[in-house]
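These notes are about the structure you will find just below.
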Amino acid sequence: MKKLYRNMRIFTPEDTGRPLSGEAQGKIKEIVCGSMLVEDGIIAKVGTDEQVTKDLCPKSVSFEKDFGGACVIPGFVDPHTHLCFAKRREDEFGMRLAGLPYLEILARGGGILSSVNAVKAATEEQLFEVTKKLALAALAKGTTTIEIKSGYGLELDLELKMLEVIRRVGKETPLDVVPTFMGAHAVPQEWKTKADEFVDEILVKKMLPKVKEQGIAEFCDVFCEEGVFSVDQSRRLLKKAKEMGFDTKIHADEVNDLGGAGLAAELATTSAEHLLAASEENLKAMGKAGTIAVLLPATAYSLKKPYANGRKIVDCGTPVAIATDCNPGSCFCESMPFVFGLSVMNMNMTVNEALTAATLNAAYAINRSKIAGSLEVGKQADFLVLDGETPVTLAYHAGSTSVEAVYKMGENVA
Ligand code: NIG
Ligand code: FE
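Set out below in structure tokens:
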């Protein structure tokens, strides 16, 4: 049966078959007095009230709702999270505020490695409960599609345990979940002096084939950073992953400019993330290679680092997406509205650019553009009703999510 949603002020990017870049990233379609006809969760028609209702037989509509002219945007797509974890790391945040650098905490066996111990100690059920709760918190703030990475296991069984939990979150919540294998999140203590072997023997030969065989991850990601995985090691891993049919991503140039963005361009990865320290040359090369820049301003906020230059990256023609990076260490934030505000206020992106970044380009960054990211015929009816006249409210009403209602496949879920 069909559902008719009427009298909405709709703002949406328009999908042209590829991520939007440069000027196109700032173009948003507005439909005043808009309507959406939804059939089995999919948008069957969208346009002005008149266009949508013209030849519509009233008997075919089982449910109708008037939104009183409220502002409506696509559901947020969060293309980069680590929100499958067992325990918070509030103590570390205090240490960082007192001046201890993030990478130093990791080098001392804390950070990601302390999350590994927590995942090891938790049962699958405990891990699932914590993850599900956080995923539902993200949903309440407007995220309708989310990527979640493994990477707090670092050994085969634990990585598979995480990926199973991530799969269940997709099954047992309204969210669409895209799973990423990130066994290359840190070098385990016992491999500290043998990182090359960890990459070639454990990640490439042991873990990738098993993860592939089980079909529980779509992407493979790596933390390319000083003291973690080098550009060469990242290249070996991602090349192999690509050959095996994974799509690829890379945590690149978050703290130091190692050339991770250049590697992303060389391998034409789907996306490269962070990029706080990436060079302009490599950022441009990414755009040419079709790699999306996924910017994570809440991480810069939480690490007290200078923000990535979103303005410059849009201007250089590389498509930009934004994400929370939600994790227990560098960024405990599941709020896309907060990330939206930071993108506008601290990365100098326009509201329209940020909207494209948080929806359509984000959907491209996790291969979900066919079903999510814009309010157009054939895509899922995933949309948000905002408390405000336009998407500007997301940056303007600081500290509020401005998200009044969340619809997933045409159903009010939060
Ligand atoms: O994207 N940089 C690597 N990974 C995460 C942090 C994970 C953690 O600290 O637990 C990030 O910031
Ligand atoms: Fe991350």
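According to our numbering, the residues represented by the sequence shown are 3 to 416, in order. Idealized CB from N, CA, C, for every residue including glycine.
Whole-angstrom distance between residue j and residue i, CA atom to CA atom
i      : j      : result
Gly390 : His399 : 9 Å
Leu141 : Ala243 : 30 Å
Asp259 : Val233 : 11 Å
Ile75  : Lys122 : 40 Å
Thr272 : Ala367 : 6 Å
Gly380 : Val405 : 24 Å
Three-state class that DSSP yields for residue i in the structure shown
i      : result
Leu165 : helix
Phe248 : coil
Pro60  : helix
Met349 : coil
Gly185 : strand
Ala407 : strand
Leu129 : helix
Phe87  : coil
Thr14  : strand
Glu413 : strand
Per DSSP, the bridge partner or partners of residue i
i      : result
Ala274 : Ile252, Ala295
Leu6   : Leu39, Glu66
Ile179 : Correcting the residue type first, residue 179 is Val in the shown sequence and not Ile. Answer is Ile148, bridged to Val179.
Val48  : Met38
Pro330 : Per DSSP, none; premise fails for Pro330.
Phe225 : His253
Asp159 : In DSSP, Asp159 forms no bridge with anything.
Closest Cα partner of residue i within the set the options
i      : options                        : result
Phe334 : Lys89, Asp57, Val63            : Lys89
Glu336 : Val224, Phe200, Ser273, Ala139 : Ala139
Met338 : Val118, Lys251, Leu386         : Leu386
Phe225 : Thr14, Phe183, Ala219          : Phe183
Gly262 : Arg11, Glu94, Arg238           : Arg238
Val408 : Val394, Ser304, Gln382, Gly401 : Gln382
Glu378 : Ile114, Ser64, Glu92, Gly77    : Gly77
Ala364 : Pro15, Leu6, Met10, Leu136     : Pro15
Thr250 : Thr55, Ala219, Gly112, Lys372  : Ala219
Leu136 : Ser116, Leu156, Phe87, Gly319  : Phe87
Short CB-CB distance (under 9 Å) between residue i and chain C
i      : result
Ile114 : The structure shown contains no chain C, having only a single protein chain.
Stretch-stretch touch, CB-based, cutoff 8 Å, three pairs: the region 151-165 with the region 253-268: no
Inter-stretch contact at 8 Å, needing at least 3 Cβ pairs: the region 321-335 / the region 80-95: By the C-beta criterion, the region 321-335 is judged to be in contact with the region 80-95, since at least 3 inter-stretch pairs fall below 8 Å.
Segment contact flag, the region 291-308 with the region 51-63, C-beta cutoff 8 Å, min 3 pairs: Touching, no, given that fewer than three Cβ pairs across the two stretches are closer than 8 Å.
Segment contact flag, the region 105-119 with the region 223-237, C-beta cutoff 8 Å, min 3 pairs: yes
Cβ contact check for the region 18-27 and the region 60-77: 3 or more pairs under 8 Å: no
Inter-stretch contact at 8 Å, needing at least 3 Cβ pairs: the region 152-169 / the region 185-197: Touching, yes.
Given 8 Å, three or more beta-carbon pairs between the region 167-176 and the region 189-208: Using a Cβ-Cβ distance cut-off of 8 Å, the region 167-176 and the region 189-208 are not in contact, since fewer than three pairs of beta carbons, one from each stretch, lie closer than that value.
Cβ contact (3+ pairs, closer than 8 Å) linking the region 345-359 and the region 91-103: When C-beta atoms of the region 345-359 are compared with those of the region 91-103, fewer than three pairs fall below 8 Å, so the two segments do not count as touching.
Cβ contact (3+ pairs, closer than 8 Å) linking the region 300-319 and the region 272-291: yes
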